[in-house]
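S.K.:
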Amino acid sequence: MKFAHEFKETLERECFPDHWLAAAIPYSQLKKCLKKVQRELESLGLDKETLQQLLAEQTVSPNGEPIPLVRYNLDHASSRSLRPCLSIFVHLRHGQVIDAALSPASRAFLQRLSGAHSRPSAIDSSACTTPLATPSPDVSSDDNDEDTEGELERIEVPLVFDGEFFNILQTDVDSLDALQQQEEKSMEAEIKSLGAEVSAVVGPPKRLAKSDLNRWREIFDLYVNAQVFFSSHELDHGSRSSVKAVQQLVWFQKQVQTRGLLQSFKVPSSAVAYSRFLQLNATLLQNLKFQEINKTAITKILKKFDKRTSLGASVTFRSAIRSRNFLAGSVAKKLCAQLSQEVVSTVPRAEDYDCPICFSIAWYPVRLRCSHLFCVRCVIKMQRENKKHCPLCRDEGVMNADLNNIDKSLEKFMKQYFRKETEEKQRANEIERGMEIFGDQYKHSSCVLM
Ligand SMILES: [Zn+2]
Ligand SMILES: [Zn+2]
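First residue of the sequence shown: 1185, per our numbering; consecutive thereafter.
#1: Given the structure, does D1579 come close to ligand 2, in the sense that its CB is under 6 Å from one of the ligand's heavy atoms?
#2: Relative to the C-alpha of K1473, which candidate in A1429, P1250 and L1576 has its C-alpha closest?
#3: With distances taken from CA atoms, which of A1208, Q1222 and S1245 is nearest Q1364?
#4: Measuring only the C-alpha atoms, how far is A1612 from N1570?
#5: What runs of the alpha helix (DSSP H), each 4 residues or longer, lie entirely inside the segment 1367-1431?
#6: I want to check one thing, is the minimum distance from the CB of I1621 to the heavy atoms of ligand 1 below 6 Å?
#7: Quick one: complete alpha helix (DSSP H) runs, 4+ long, within the segment 1576-1629?
#8: Within this structure, are the beta carbons of D1338 and S1271 separated by less than 7 Å?
#9: Between L1594 and ligand 2, is there a pair consisting of the residue's CB and a ligand heavy atom that are separated by less than 6 Å?
#10: Apart from the five residues on each side of it in sequence, which residues of its chain come closer than 8 Å, Cβ to Cβ, to D1538?
#11: Taking the alpha-carbon positions, what's the S1453 to D1536 distance?
#12: Near ligand 1, which residues have their beta-carbon less than 7 Å from any of its heavy atoms, given in chain order?
#13: Tell me the DSSP bridge mates of V1528?
#14: Rounded to whole angstroms, what is the Cα-Cα separation between G1623 and E1616?
#15: When you compare only the Cα positions, how much space is there between G1379 and V1531?
#16: Take V1528 and list the residues in its own chain whose beta-carbon comes closer than 8 Å to its own, dropping the five residues that flank it on each side.
#17: What's the gap between the Cα of S1415 and the Cα of Q1625?
#18: Looking at the secondary structure, which residues open and close the alpha helix (DSSP H) in which V1456 lies?
#19: Contact defined as beta carbons within less than 8 Å: I believe L1266 pairs with Q1354. What is the distance between those atoms, to the nearest angstrom?
#20: For the beta strand (DSSP E) holding S1271, just list the boundary residues, first then last.
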């Protein structure tokens, strides 16, 4: 399928909002403009083959260094527009192109061009169009003249449609930038308000008040594992494509369904918060799709431009373009970080409170003077073995730790949020302690009962 068709079809199929569509890359307009660019260049004798040839050649600067014969730049004419500048550097003597390295065709073209430029303004010292004498048909008469190497002149090839093409593109990137900024803002606000809603339904379980803490914990565990928009795995690290994001999102929803998490919600507003959470993900996905297809449109049209002109605009445009949002990064990455910070982390995860020595929950939590956190068992063992240094920062604070180092507020928090984990750890500690005193035959009372 031709890309123009695919682009149009995608924009229609995805039901993007109208104001998004208004900001989409005007692909067909650019394609039409590209035809004019091509015609303009051809009218100057610069068809793509000639340009390709000229771009491959070099000339010599006044201080003897090799420089490219042709330079193609996209400069900023003003803060809003790009100005393409195609300059050719040639040595001229008596109006004749004398660069020996040039192919006969290139030399003939430059001769024509320098001739064409010399006529309208004989002595014009503007930076771009350098004055040149009317070319003489007799080139060979200068061949023996060795006292001069000729003047290096810069000829700027005037390009009207090339400028138009890049201004359409820059203008559109500007509106995509503005759109994205606006979308990010509204999603940020939605993430914030959702975060508040979720934290209201996941309060620590209390005797009378209902809480969906454990269900939300499971939901967010699944969501974190799904890595919908961004992968932290070594194999495919980085932003996901929209196709992959859809797959991950479907997997996540299926898991939530299979485990019957929604049916077991106890707080009615949990269901509302969950559907808002899904909606937010859907909006993020729409944004990703819209960005993706527009970025592809830019890549495709620039590739077409280069194929028809040989000017290498794919590279030049990307370095000249100003795009703070749209081309600068991925909307998903930034918003996902915010989503995990403001929504997912409203549900504390036990893993975040693991003891770095035994890798289970740091219960009872002992905070050394260096502020690193360990479970009480591991601290006692370190003290018995006379290990003075904190394993994380080598501070000599281990032997000084006593009951005062128990982090009381964290202890309370852990009891509230990780009841199951702390009780398990407590039992494991008691068993270990019992074995230390009574030997391997020791059986914990709760084990005996079981
Ligand atoms: Zn430990
Ligand atoms: Zn430490």
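Every residue gets a Cβ at the ideal spot worked out from N, C-alpha and C, and that includes glycine.
M.R.: So, from the listed chains and residues:
#1: yes
#2: A1429
#3: It is A1208 whose Cα lies nearest to the Cα of Q1364.
#4: 23 Å
#5: 1397-1410
#6: no
#7: 1592-1601 and 1603-1622
#8: The sequence given here places Arg at residue 1338; Asp does not occur at that position. For R1338 and S1271, yes; Cβs fall inside 7 Å.
#9: no
#10: Answer for D1538: S1544, I1545 and A1546, listed in chain order.
#11: Take the alpha-carbon of S1453 and the one of D1536: they are about 27 Å apart.
#12: Residues with a Cβ closer than 7 Å to any heavy atom of ligand 1, in chain order: C1539, I1541, C1542, S1544, A1546, F1558, C1559, R1561 and C1562.
#13: DSSP, once it has assigned bridges, lists no residue as partnering V1528.
#14: 10 Å
#15: 10 Å
#16: F1404, Y1407 and V1408
#17: 47 Å
#18: P1452 to T1493
#19: 5 Å
#20: L1266 to R1277
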